Amino acid sequence: MLSDKVPYYILDLLQQAPSVYVEGLGRFEAIFHPALIDLPNARIKPPYVEPDFKDNPEAPNETLANYIRYVSGPEIGSPEKAIAEFVSTVHENTLDGKTYLIEKFGTFSRSSLGNIRFTPDWDAFNLSFSGLEVLDLRKTEEVKTTTPVFVPPPVTYDFTPEIKEPVSYVPAEPTTVNEETTEVAPSPPTEEQIRHQERIDESTSRLWWIILTSALVLIAVLCAYLAWDIISNRNRLNDLTQVYQDTSATIRIDEPINTTDTTNTENIPVNTDTSTGEIPPAENTQQPTSSPCYVVVGAFTDPANISKMVDRLTSLGYVSELLKGGSLTRVAIRSSCDQEALQKLLNDARSSINPESWIY
Numbered sequence: 000m001l002s003d004k005v006p007y008y009i010l011d012l013l014q015q016a017p018s019v020y021v022e023g024l025g026r027f028e029a030i031f032h033p034a035l036i037d038l039p040n041a042r043i044k045p046p047y048v049e050p051d052f053k054d055n056p057e058a059p060n061e062t063l064a065n066y067i068r069y070v071s072g073p074e075i076g077s078p079e080k081a082i083a084e085f086v087s088t089v090h091e092n093t094l095d096g097k098t099y100l101i102e103k104f105g106t107f108s109r110s111s112l113g114n115i116r117f118t119p120d121w122d123a124f125n126l127s128f129s130g131l132e133v134l135d136l137r138k139t140e141e142v143k144t145t146t147p148v149f150v151p152p153p154v155t156y157d158f159t160p161e162i163k164e165p166v167s168y169v170p171a172e173p174t175t176v177n178e179e180t181t182e183v184a185p186s187p188p189t190e191e192q193i194r195h196q197e198r199i200d201e202s203t204s205r206l207w208w209i210i211l212t213s214a215l216v217l218i219a220v221l222c223a224y225l226a227w228d229i230i231s232n233r234n235r236l237n238d239l240t241q242v243y244q245d246t247s248a249t250i251r252i253d254e255p256i257n258t259t260d261t262t263n264t265e266n267i268p269v270n271t272d273t274s275t276g277e278i279p280p281a282e283n284t285q286q287p288t289s290s291p292c293y294v295v296v297g298a299f300t301d302p303a304n305i306s307k308m309v310d311r312l313t314s315l316g317y318v319s320e321l322l323k324g325g326s327l328t329r330v331a332i333r334s335s336c337d338q339e340a341l342q343k344l345l346n347d348a349r350s351s352i353n354p355e356s357w358i359y
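Residues 0 to 359 in numbering that gives the first Met the number 0 are what the sequence shown lists, from first letter to last.
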């Protein structure tokens, strides 16, 4: 039954919370005492938990019920009902001076005034610190054991000289001994050794041919890929190798086909101060001797910004031109394609036009 497991849920929750209140019984507490260093005695005492119980009534809370539901899941049943059954069992088994023992948790009883008392099982509450012992900080001295050394008794020697008779030396006749040197000839290789060596040579040769063929195929593939990449990107390479006169401004040279109608007045800026009947000076009707060039000074999407740039160029004495492309309308200055005149126009434009106007 779930009510029989309620005390163990209380014990498990006390490992994580300092106290747990059970409605109808009281508050179970677990006071943690850290490890204590006893310097006078050179010892370290392990940490422990001091359990306590108070039967003072408090406001009910659902901490224990929520913990049981969190640990065991909703399918276990009603934690509130199980807690009420556990409290009722404790009250029934402590009447008439009886004690109610719960293994690995503690013992419930009643005082002379009828209050619930709880005697905890210290080993159960200190299960997390079981096995810890008091450490001794004193240095352990090694006990040196001495083994007896055997000393032999003194020995007396007789130093009386010994007289030996002289020995006559008779030279022996020299004798010759014929020593035959035997050379061990190497044994010829067997047929199996020869076949094994041939297989090794054949495998080595085949391996080298495979490596060489693979290398040639890889080189051919890389060369083909490089050639394809160069051919597919030749236009981009040509753009990279092209030398431009100046990168701070964009110079556009129109195609000859665009200059067939030189009398088009759509791109000629109109001065709002003059009347519509007046004819511009003769310089607007002059036929250019060659295709004109343009110096782009800005690109805009807002018509108001385009008109502001055109008015600014007109006030500075430049002949403006609108070049439409995509979503941007580029405002340019018409100029001749002479390099010196074009460079002079670029320098004048940089010094006279606000640099913020060049931002797209």
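From the three backbone atoms N, C-alpha and C, an ideal C-beta is built for every residue, glycine too. Only a predicted model underlies this, so the values are computations on that prediction, with no experimental measurement involved.
How many angstroms separate the CA atom of residue i from the CA atom of residue j?
i	j	result
Asp347	Leu341	10 Å
Ala303	Ser350	23 Å
Ile267	Ala223	Only weak support exists for where Ile267 lies, its pLDDT of 41 falling under 50; the coordinates are left without a value.
Ser274	Asn232	Per-residue confidence for Ser274 stands at a pLDDT of 35, beneath the threshold of 50, marking its modelled position as unreliable; no derived number is given.
Ala248	Arg333	Reliability fails at Ala248, whose pLDDT of 45 lies under 50, so the model's placement of it is uncertain and the value that follows must be treated cautiously. Cα-Cα distance, rounded: 13 Å.
Ser186	Ala214	43 Å
His195	Ile209	21 Å
Asp361	Ala226	As displayed, the chain neither begins before 0 nor continues past 359, which places residue 361 out of reach and without an answer.
Thr203	Glu191	18 Å
Thr212	Glu201	16 Å
Gly72	Tyr7	16 Å
Asn60	Lys53	16 Å
Trp361	Glu74	This structure leaves residue 361 out entirely; the chain is present only between 0 and 359.
Pro17	Phe124	12 Å
Can you pull the DSSP bridge partners for residue i?
i	result
Leu35	Lys44
Arg205	According to DSSP, Arg205 bridges with nothing at all.
Ala298	Arg329
Ile115	Arg109
Phe104	The partner list for Phe104 (beta bridge, DSSP) is empty, contrary to what the question assumes.
Among the candidates the options, whose CA atom is the shortest distance from the CA of residue i?
i	options	result
Asn337	Phe124, Tyr293, Gly297	Residue identity differs from the one stated: residue 337 is Asp in this sequence, not Asn. The candidate whose alpha carbon is nearest that of Asp337 is Tyr293.
Gly96	Ile75, Glu102, Ser71, Ser111	Ser111
Lys323	Val295, Gly316, Tyr317	Val295
Leu126	Gly325, Asn60, Asp11, Val5	Asp11
Phe299	Arg198, Leu321, Leu327, Ser319	Leu327
Using a threshold of 7 Å, is the CB atom of residue i nearer than that to any non-hydrogen atom of the ligand SAM?
i	result
Pro185	Only the bare structure without any ligand can be found here, which leaves the ligand SAM out of the picture.
Output yes if chain D places a C-beta closer than 8 Å to the C-beta of residue i; else output no.
i	result
Pro56	In the displayed structure, chain D is absent; only one protein chain is listed.
Can you tell me the Cβ-Cβ gap for residue i and residue j, rounded? I've got them flagged as a contact below 8 Å.
i	j	result
Val330	Ile305	6 Å
Thr106	Thr118	5 Å
Arg68	Pro56	Not confirmed; about 24 Å, so no contact.
Ile101	Arg109	Actually they do not touch by this definition, with Cβ atoms about 16 Å apart.
| message | Within 8 Å, do at least three Cβ pairs link the stretch 74 to 91 to the stretch 144 to 152? | response | No: the two stretches stay apart, fewer than three of their Cβ pairs being nearer than 8 Å.
- Decide if the stretch 66 to 83 is in contact with the stretch 96 to 108; the criterion is three or more beta carbon pairs, one per stretch, under 8 Å apart. Counting Cβ pairs under 8 Å, fewer than three are found: no touch.
### Query
Is it true that the stretch 41 to 49 meets the stretch 58 to 76, where meeting means three or more beta-carbon pairs spaced less than 8 Å apart?
By the Cβ criterion, the stretch 41 to 49 is not in contact with the stretch 58 to 76, since fewer than three pairs of Cβ atoms, one from each stretch, lie closer than 8 Å.
### Query
Hey, is the stretch 123 to 136 in contact with the stretch 27 to 45, meaning 3+ C-beta pairs nearer than 8 Å?
Short answer: they touch.
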